[in-house]
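These notes are about the structure you will find just below.
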Amino acid sequence: MLPRGLWPWRARLLPTPGIWGPARPWPLPPPPQVLYVKLCGNVKYYQSHHYSTVVPPDEITVNYRHGLPLVTLTLPSRKERCQFVVKPMLSTVGSFLQDLQNEDKGIKTAAIFTADGNKISASTLMDILLMNDFKLVINKIAYDVQCPKREKPSNEHTAEMEHMKSLAHRLFTILHLEESQKKREYHLLEKIDHLKEQLQPLEEVKAGIAAHSEAKTSGLLWAGLALLSIQGGALAWLTWWVYSWDIMEPVTYFITFANSMVFFAYFLVTRQDYTYSAVKSRQFLQFFHKKSKQQHFDVEQYNKLKEDLAKAKESLKQVRHSLYLQMQVEELNEKN
């Protein structure tokens, strides 16, 4: 029996109201056209083939969904496709590779190289990596990854994004300012204690060297005073007891001129004015460095530690000052 849709064409008499006249035949629609397909071979083993763009199971794809990159790859151990959502501005190459190894323990080694074969550092942001094609090497098997080209944002969109980043940074700073400052204060206190521990044995050695240098410098100054006293006494004895002033006057003049020549020579050698404080400091440093070499005291290391300690104390002072101001602001807000 033929299906209903394949019955031969026939007419039906449709009744109509009297105003339209007597009943007349109304033609039925033409029968549908049937397409006959001839199957070759045994019908029992006939299979239909569907063609589509199916991704190979070992291919790594990068797509964008809701503005975020979506990396799809096949895990080597479970042989199943897995998707990883990447946050371009926060994730790095190292964190992405770590996520791969956490997901599949069968991944022993993983690295990313450029198309030219240069290895990409773990600190590189994923946003920079996804700008160009790259190679992902998993367990010594290289996969070529093609990144889709992103549309270049407009100037207005770029300015808006920069404003949003600045606003987010300021908001994060305000919310975590006190916590970060307290952590910084704690780290600075630890650093200051560590520097003081390193300086303590050096300070003891330095104190001994400084005392020895100070004693030698003072002795040298007293020796200079003694020489000047002897010189004055000799000139007085020669003037009043041996010779007269008429004879000793040219002698004293040449002695004064010789002293001026000595002072000028000191300036040419040291590039410093001849003052008693400058002479004392210079002589003290000479004795100090000479004694330091004898006792193997590292002056450069001592000076570096002292500079680091001064910088740490200054930073701690600034942090505590900002914390004090913040506490005052909170007290004013509570009173209001």
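Numbering-wise (my numbering), the sequence shown opens with residue 1103 and increments by one.
Backbone N, C-alpha and C define an ideal beta-carbon position, used for all residues, glycine too.
On a predicted model such as this, the values are computed, not experimentally measured, just so you know.
Alpha-carbon spacing of residue i relative to residue j, whole angstroms
i	j	result
residue 1206	residue 1173	15 Å
residue 1372	residue 1261	59 Å
residue 1190	residue 1170	8 Å
residue 1418	residue 1293	10 Å
residue 1200	residue 1212	9 Å
residue 1344	residue 1402	57 Å
residue 1296	residue 1395	26 Å
residue 1423	residue 1284	12 Å
residue 1301	residue 1387	20 Å
residue 1374	residue 1322	19 Å
residue 1350	residue 1341	6 Å
residue 1339	residue 1379	31 Å
residue 1364	residue 1356	12 Å
residue 1248	residue 1164	7 Å
residue 1168	residue 1413	48 Å
residue 1393	residue 1409	22 Å
residue 1381	residue 1361	15 Å
residue 1298	residue 1406	12 Å
residue 1268	residue 1183	38 Å
residue 1411	residue 1331	46 Å
residue 1166	residue 1179	26 Å
residue 1309	residue 1369	30 Å
residue 1061	residue 1226	No answer is possible for residue 1061: it lies beyond the span of the chain, which begins at 1103 and ends at 1438.
residue 1290	residue 1185	43 Å
residue 1317	residue 1325	12 Å
residue 1377	residue 1352	27 Å
residue 1231	residue 1220	13 Å
residue 1156	residue 1270	In this prediction, residue 1156 scores a pLDDT of 45, lower than 50, which makes its location untrustworthy; the coordinate-derived value is nonetheless stated afterwards. Their backbone Cα atoms lie some 41 Å apart in a straight line.
residue 1383	residue 1327	17 Å
residue 1266	residue 1242	41 Å
residue 1334	residue 1348	17 Å
residue 1198	residue 1416	40 Å
Helix, strand or coil at residue i according to DSSP, with G and I counted as helix
i	result
residue 1378	helix
residue 1352	helix
residue 1166	strand
residue 1141	Here residue 1141 scores only 34 on pLDDT, less than 50, and its place in the model should not be relied on; the value that follows carries that caveat. In this structure, residue 1141 counts as coil in the three-state DSSP scheme.
residue 1372	helix
residue 1226	coil
residue 1346	coil
residue 1264	helix
residue 1311	helix
residue 1289	helix
residue 1205	helix
residue 1156	Note that residue 1156 has pLDDT 45, beneath the 50 cutoff, so the model's placement of it is unreliable and no number is given.
residue 1299	helix
residue 1281	helix
residue 1409	helix
residue 1391	helix
residue 1423	helix
residue 1189	coil
residue 1161	coil
residue 1210	coil
residue 1242	coil
residue 1366	helix
residue 1399	coil
Whole-number beta carbon distance between residue j and residue i, since they are thought to touch under 8 Å
i	j	result
residue 1209	residue 1240	6 Å
residue 1217	residue 1235	5 Å
residue 1311	residue 1397	7 Å
residue 1193	residue 1228	4 Å
residue 1354	residue 1337	6 Å
Counterpart residues of residue i in DSSP-defined beta bridges
i	result
residue 1184	1175
residue 1294	Answer is none; residue 1294 lacks a bridge partner.
residue 1247	1236
residue 1215	1221 and 1237
residue 1194	1227
C-beta contact flag for residue i and residue j at 7 Å
i	j	result
residue 1421	residue 1281	no
residue 1315	residue 1390	yes
residue 1329	residue 1404	no
residue 1175	residue 1162	yes
residue 1237	residue 1244	yes
residue 1222	residue 1195	yes
residue 1307	residue 1366	no
Residue i CB to nearest heavy atom of the ligand NAD below 6 Å
i	result
residue 1228	In the structure shown, the ligand NAD is absent, as is every other ligand, since no ligand is present at all.
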